[in-house]
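For reference, the structure discussed in these notes is given below.
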Amino acid sequence: MGAIGPNINGVTTSQSFGSTAERGKACAALRLKLECDLAAVRSAAKEAREFLARQGVPESELLTCELVLVEACNNAILYATEREQKILVHVSCEEDELELQVIDHTKGFDWPGVVELPSPQDEHGRGLFIIQSLMEEVHYLRGSRENRLVMKKRTPREGSRTLPNVSRELSFRSEEIEALLRCASQIGSTQAITGFSQSLLKDLQLITGVDWFVLRLLSSDGSRLIPANTSSQRLKLRPIALPPGTGGQDFTTATLQKRNGVSSRFGNSINSVERQAALWRSDVAFYEQSPLSSDDPLAGCGAKTGLVHPIVMRNSLLGTLALGRNQGNGPFTPSQIEAIRIFSDFLAIQIINSRLQQEHIESRLLGHELEIARKIQESLLPKAFPSLPGFGLAGFSLSARQVGGDFYDVLPVSEDRVLVVVADVMGKGVPAALFAATLRTLIRTTAEWTARPGELLGRVNRLMFHELSGVDMFITASVALLDARRKKLWLANAGHCQVLVVDKMGQTTELNPDGMPLGIMPEAAFEEEGIPLDDFRCALFYTDGVIESRNAQGVFFGEEQLKAWLVRNARQRRSASQISRDLVTQISSFQGAVPPSDDQTFLIICEEVRSPLNDGANENVPAAPNSPATCTTPV
Amino acid sequence: MRIIREGKKLRVSDLGELGAGNCGVFQDALTASLAPNVTEIDIDLSKTGFLDCGGVGALVSLRKLIQRRGNSTAIRLLNPTSSAQKLFQLTRMDRLFPIEESC
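The listed protein sequences derive, respectively, from chains A and B. The first sequence begins at 2 in the working numbering and counts up by one. The second sequence begins at 417 in the working numbering and counts up by one.
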């Protein structure tokens, strides 16, 4: 039943009375069509007000509705590019609730996530805030052919029979609450996201009467929307590509406006409502008057009515939820949209939860594996040194991370000769550790072929060159042959730190034979330098992590300090292991609370006289897990 | 709309509506009447049955205009209806303009 009124001031009217399909309530409705013109807006708003007054809506609400309709229509006019298209206003009124809709055919605009007042100096921009403040539910739905602003408010009326309505409302709401409580109890459970979304969406189906849904989640690189769960097996769903930065947290209106300027709604390569919802971060609706385009991936599901809601948590996009009904005309009602929003929020929380749990598990697994790797690397260091007549050895190695690229090795060549290696693979952590392990094996194998340091380095360099240069890595190393019987030390150096030698008189010598790091040239020569050990007291091999260790003031330990320390220790008649422990203490107290930023390794050779006090075991000083020098920062 | 000049004071009244539709007319009329020695503007809103954000914008615009003039002119909003009052509160215009009831 309806009546069509005359066209006055650019406004065409039609009224109808009847009952809405939902909940069988009696309602009256007014439909207005108006030109995109401010005067027509005023006339339409006045007419709507008169209509509502006839339905018994109280005066205060009448003023609110008039204002809200004017603001909404003014806004629609603002964005109109073609003035021929009319604006539609629907006013519907049930016993205790009224609904206003403003439908326009413009490109639409982006309803901001949080509607705020502009600065007091701004002349424009207050309309949306007013609408949001005065109406209880506000939803802006963008569609392929029209945009619909739906505003709803409860209006307690004098003399209305509210009790049956209230109890109807209550029973509906209690179903919703039950479903929400079910969801809430499942949040945080270890259920996979598919299981959770399945049960959540079943509840949503009950409450909102949808027949199908498609849940898409944003891929981890933020480039695609991947179908995660769907009720309809008929749909062939492929990932939807998104422009870069769509999922990001620094999503601003400015970015969106720029993007909208570039790609028109109708000019996209794929006309997909899910893509639009993701790009615009707003609900996109489709229904009879505003249908899906034929190449939309959802077109195959046979739905006439639907909504795509972007799932957003703290300003980053997690995915989209598309829901649809196969029957019924017109878009979802505001309370259904509200329910969809609440459930989407639950879904968002659960998505994040399950991702966090996954990350946590992976991180613990990784930590576990690194711990194993650390133990393996530790076991590769020599556990005991060969005993050499007249000499003592001690070594120390500490990685900046669980595993590292520094190492030292001591290989017996014969009864009275020992090969000593200190090496530093460029870099830290797992990649350096892998090369370190390879180098150690290669040196041990090559040592069976030659014990001459220069030859050994030359051969190792040739063998490792391709692997190293392939990843632009290089290794520095010091190799020395200690001949206890002939009392001679032969040293070769591949770009490594100098070796410090102190004699019985306290004089220091710095040994630095020529040679470039391993991995620079396929064929390289390594100079050998030999020193007599008759007046020898102590020699120190080290990696640059030792001299480059810093304290809280940013001062480096440095070569000078290291030299001075060595001379002091050499003066006292101490064993290699005592001296080694002392250096560890020195470095650690120098660093204080500052963790080492690079791997630290050193090896000490001392002239040693066996005494009962010195039990003769040359100890490898392990990295003490409780000392402040130990660093266990995860990779 | 009526604008009466009484020496330094400009009095605006009988403004049926102040909205997006007529704010242009309002601004033009006021700008024309704003003689250099005017330092007080009273806008009587007792007959103003409808006011929307466009109207609020017009008031903000007026305020900016007189700030540019620089001779510290005061604008008072008189006797707004309760719905206009509510709109001023929502848009926080009540912090920007003195609002008074007069007889």
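Even glycine gets a Cβ: it sits at the ideal position worked out from N, Cα and C.
- For the C-beta of Lys480 of chain B, the chain A residues within less than 9 Å are, from N- to C-terminus, Gln122, Glu124.
- Remark: fewer than three beta-carbon pairs, one from each stretch, lie closer than 8 Å, so the stretch 381-392 of chain A and the stretch 341-357 of chain A are not flagged as touching.
- Note that the C-beta distance between Ile227 of chain A and Arg276 of chain A is not below 8 Å.
- For Gly368 of chain A, the nearest beta carbon of chain B is not closer than 8 Å to its own beta carbon.
- Counting only residues of its own chain and dropping the five nearest sequence neighbours on each side, Ala46 of chain A has a CB closer than 6 Å to the CB of Glu67, Leu70, Val71.
- Contact with chain B is found for Val71 of chain A, since one of that chain's Cβ atoms lies less than 8 Å from the residue's Cβ.
- Rounded to the nearest whole angstrom, the C-alpha separation of Gln443 of chain B and Leu118 of chain A is 23 Å.
- Val215 of chain A and Ala229 of chain A have their C-alpha atoms roughly 8 Å apart.
- Neighbourhood of Asn75 of chain A in chain B, by CB distance below 7 Å: Ala436, Gly470, in chain order.
- Note on geometry: alpha-carbon atoms of Val503 of chain A and Gly520 of chain A lie some 31 Å from one another.
- Pairing Phe603 of chain A with Tyr543 of chain A gives a Cβ-Cβ distance under 8 Å.
- In summary, Lys153 of chain A is buried, with 16 or more beta-carbon neighbours lying within 10 Å of its beta-carbon over all protein chains present.
- For a Cβ distance threshold of 8 Å, residue set Leu506 of chain B lies close to Ser134 of chain A, ordered along the chain.
- The beta carbon of Ile532 of chain A is closer than 8 Å to those of Lys489, Leu490, Leu492, Val502, Thr510, Leu512 in its chain, skipping five residues each way along the sequence.
- Residues of chain A with a Cβ closer than 7 Å to the Cβ of Ser499 of chain B are, in chain order, Leu64.
- Put simply, the CB of Gly486 of chain B is far from chain A, with every gap to its CB atoms at 8 Å or more.
- Of the residues A:Ala437, A:His369, A:Ile341, A:Asp417, the one whose Cα lies closest to the Cα of Leu181 of chain A is A:Ile341.
- Annotation: the continuous alpha helix (DSSP H) that includes Ile338 of chain A extends over 335-381.
- Your pair Ala401 of chain A and Asp600 of chain A checks out as a contact, with CB atoms roughly 5 Å apart and the cut at 8 Å.
- Cβ-Cβ separation between Gly437 of chain B and Leu39 of chain A: approximately 4 Å, consistent with a contact (criterion under 8 Å).
- In this chain, the alpha helix (DSSP H) harbouring Ile131 of chain A covers 128-135.
- A distance of 8 Å or more separates the beta carbons of Leu450 of chain B and Ala500 of chain B.
- As DSSP reads the structure, Pro413 of chain A sits in a beta bridge with A:Val419.
- Taking all protein chains in view, the Cβ of His361 of chain A is surrounded by fewer than 16 other Cβ atoms within 10 Å, so the residue is classified as exposed.
- If only complete runs of 3 or more residues are kept, the stretch 30-97 of chain A shows the beta strand (DSSP E) at 88-95, in order along the chain.
- Not a single CB atom of chain B sits nearer than 8 Å to the CB of Leu99 of chain A.
- For Ile521 of chain A, no beta strand (DSSP E) run applies, since DSSP gives it neither H nor E.
- In the DSSP secondary-structure assignment, Pro228 of chain A is bridged to A:Arg217.
- Contacts with chain B at 8 Å (Cβ-Cβ) do not include Ile362 of chain A.
- For Ser477 of chain B, the residues of chain A that pass the 7 Å Cβ criterion are Glu124, in the order they occur in the chain.
- DSSP places Gln102 of chain A within a strand segment (E or B) once states are collapsed to three.
- A contact is defined here as three or more CB-CB pairs under 8 Å, and the stretch 202-213 of chain A meets this definition with respect to the stretch 320-329 of chain A.
- Counting C-beta pairs with one atom in each stretch, the stretch 585-594 of chain A and the stretch 401-419 of chain A have fewer than three that are closer than 8 Å, which means they do not touch.
- Under DSSP, Leu467 of chain B shares a beta bridge with B:Leu434.
- Counting only residues of its own chain and dropping the five nearest sequence neighbours on each side, Tyr141 of chain A has a CB closer than 6 Å to the CB of Trp112, Leu150.
- Spatial neighbours of Gln199 of chain A in its own chain (CB-CB distance under 8 Å, excluding positions within 5 residues in sequence) are listed in chain order as Asn230.
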